[in-house]
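S.K.:
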Amino acid sequence: MSTVLRNLTLAGATLLFAGSLIAEPKRPECIAPASPGGGFDLTCKLAQSALVDEKLLSKPMRVTYMPGGVGAVAYNAVVAQRPADGNTITAFSSGSLLNLAQGKFGRFDENAVKWLAAVGTSYGAIAVPADSPYKNLGDLVTALKTDPSKVVIGSGGTVGSQDWMQTALIAKAAGIDPRQLRYVALEGGGEIATALLGGHIQVGSTDISDSMPHIRAGKMRLLAVFAEERLKDEGMTDIPTAKEQGYDIVWPVVRGFYLGPKVSEEDYAFWKDAFDKLLASEDFAKLRDQRELFPFAMTGPELDAYVKQQVAQYKLLAREFGLIQ
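Residue numbers -23 to -1, 1 to 302, in mature numbering (1 follows the signal peptide of the UniProt record, and there is no 0), belong to the letters of the sequence shown in order.
In structure tokens:
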């Protein structure tokens, strides 16, 4: 190779390397739009660990908490106040998409952000304290039919939220008016677990990934998980599905991230490339499994199309329950 060609090659490599350094966020941050301890926290901390372990970030993201409206406060803050912040990714879940479908995020809809990556899925679940008199969904439904005002149900968000929808679907299948159910609105899985174990509520409409640490500690039981079939992970095989108890309800809880609407193409490309590599990693799959999440991998345009499709489906469901016109 000639000296000139060698120098050009080295120069090109140097520029490419420098470009990759420039593209990496200087102050990487993950916003968990709820209090610590729930699914959004889990999602951020999964990415926080995995991106550094895979050397896709040179330093770990800080996790910040922005509770309010089960994601609404964070969504509005990112879109209106930090639209071009390429340092920050924000966690979302299927519950976020359900709220978007009902217009609960204010003037911003599903087109207001750049959807980045989905990294796994959990499944909805109905939780009770370990010493609860309810041993299965049948027991709970019987109590609700007898006097729904005596069963206090904690859910993330108000009427129309993902957690509300899970119990509303059970009520509807059992011939109970969901509007008769007695709800306490809480901010995410962490608060649901705290209220349930503290005796402030009798039933928690939550998801399995939030619940497993408490189940393993012997403090909580699940009456049902909203999966197609029993989950095969350790500690989950004894948890019955709603379907096997006569309630044909399946509710996956997809978890992922979005970026602000004006984030540069360069910054978006950095994050997308990082998550593409992460989702292909066997080490990440093991880390995801440790967080009680199941495989669900999408990035970029594929995820954007999925989000738009899900929001459309959730709008139909919301209309069915009279939540929107």
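Built from N, CA and C at the ideal position, the CB exists for glycine as well.
#1: Mind checking who S182 pairs with in its DSSP beta bridge?
#2: Based on DSSP bridge pairs, tell me the residues matched to K196.
#3: In this structure, does DSSP put L236 in helix, strand or coil?
#4: In angstroms, rounded to a whole number, what distance separates the CA positions of residue 312 and A27?
#5: Could you round the C-beta distance between G72 and Q139 to whole angstroms and report it? I think they count as a contact, below 8 angstroms.
#6: Are the CB atoms of A145 and residue 315 within a distance shorter than 8 angstroms?
#7: So, under 8 angstroms CB-CB, G101 and D184 are touching, yes? Tell me the CB distance rounded to an integer number of Å.
#8: Could you check what DSSP says for Y291 in three-state terms: helix, strand or coil?
#9: Is it right to say L(-3) is buried, meaning 16 or more other beta carbons lie within 10 angstroms of its own, or is it exposed?
#10: Taking Cβ positions, are G133 and I103 nearer each other than 8 angstroms?
#11: Along the chain, where does the alpha helix (DSSP H) containing L121 start, and where does it finish?
#12: Do I8 and L236 have their C-beta atoms closer together than 8 angstroms?
#13: Determine the extent of the alpha helix (DSSP H) in which A162 is found, giving its start and end residues.
#14: Does the separation of the CB atoms of G167 and G15 fall below 8 angstroms?
#15: Please report how far the alpha carbon of S188 lies from the alpha carbon of F69, in whole angstroms.
#16: Helix, strand or coil for P110 per DSSP?
#17: How big is the Cα-Cα spacing for A262 and M275?
#18: Can we say the segment 44 to 61 touches the segment 75 to 82, given the rule of at least three CB pairs closer than 8 angstroms?
#19: Here's a check: name, in chain order, each residue in its chain whose Cβ is nearer than 8 angstroms to the Cβ of A107, leaving out the five neighbours to either side.
M.R.: From the atom records:
#1: In the DSSP output, where bridge partners are listed per residue, S182 has I103 and S132.
#2: None, per the DSSP bridge assignment.
#3: If DSSP states are grouped into helix, strand and coil, L236 belongs with the strands.
#4: Outside the displayed range of the chain (-23 to 302) lies residue 312, so it cannot be described from this structure.
#5: 3 angstroms
#6: Residue 315 falls outside the range modelled here, since the chain spans only -23 to 302, and no answer is possible.
#7: That belief holds up - the Cβ atoms of G101 and D184 are roughly 5 angstroms apart, short of 8 angstroms.
#8: helix
#9: Since pLDDT at L(-3) reaches only 47, below the 50 mark, its modelled position is unreliable, and the value read off the structure follows with that caveat. Exposed, by the Cβ-count rule.
#10: no
#11: L114 to T123
#12: no
#13: Looking at the DSSP string, A162 is not in any alpha helix (DSSP H); the run it does join, the beta strand (DSSP E), is R159 to L163.
#14: Going by C-beta atoms, G167 is nearer than 8 angstroms to G15.
#15: 18 angstroms
#16: Three-state result, P110: coil.
#17: Cα to Cα, A262 sits roughly 14 angstroms from M275.
#18: Under the Cβ criterion (8 angstroms, minimum of three pairs), the segment 44 to 61 counts as touching the segment 75 to 82.
#19: G195, K196, M197 and R198
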